[in-house]
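So the number in our numbering is just where the residue sits in the sequence shown, counting from 1, plus 3.
Have a look at the structure below, then the notes.
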Amino acid sequence: MNAPRRDPRAAAPIRDQIKAGTFPVRLKPGDWQPGGVNRLLDIIARNRETTGRVIANAKQMAKKGNLRLHPNVTRLVDAEVLKKMGSEKAGGPEQ
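What follows is the structure, given as structure tokens:
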């Protein structure tokens, strides 16, 4: 699991990489500073059920602010599971 709370200045490079289909997302060392946005960029899990539990746990760990999921992460679980967690599949400008 990779759930960095990162510097808001890194938002543009992350969005650009996601739009370009770059995976894994690459961040500079300075981008990994505490910030107000929590992102889950990748998950390694055995199955969809375990992936759902990992996302739920990450959401609990990210008590402050929203948890934004990389589009590849949203593809690993059913839309219904994301909806129950108050999330949705990527598609907006901040995804």
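Just so you know, even glycine gets a beta-carbon here, dropped at the ideal spot from N, CA and C.
Please read these numbers as outputs of a predicted model, since none were measured by experiment.
Annotation note: the stretch 14 to 96 contains the following uninterrupted beta strand (DSSP E) runs of length 3 or greater, listed N- to C-terminal: 40 to 43 and 70 to 72. Scanning its chain for C-beta atoms nearer than 6 Å, with the 5 sequence neighbours on each side dropped, one finds around L72 the residues L43, in chain order. Comparing alpha-carbon positions, the option among L30, I58, A65 and M88 lying closest to A14 turns out to be L30. Shown here for R51: same chain residues with a beta carbon closer than 6 Å to its own, the five before and five after excluded, namely V80 in chain order.
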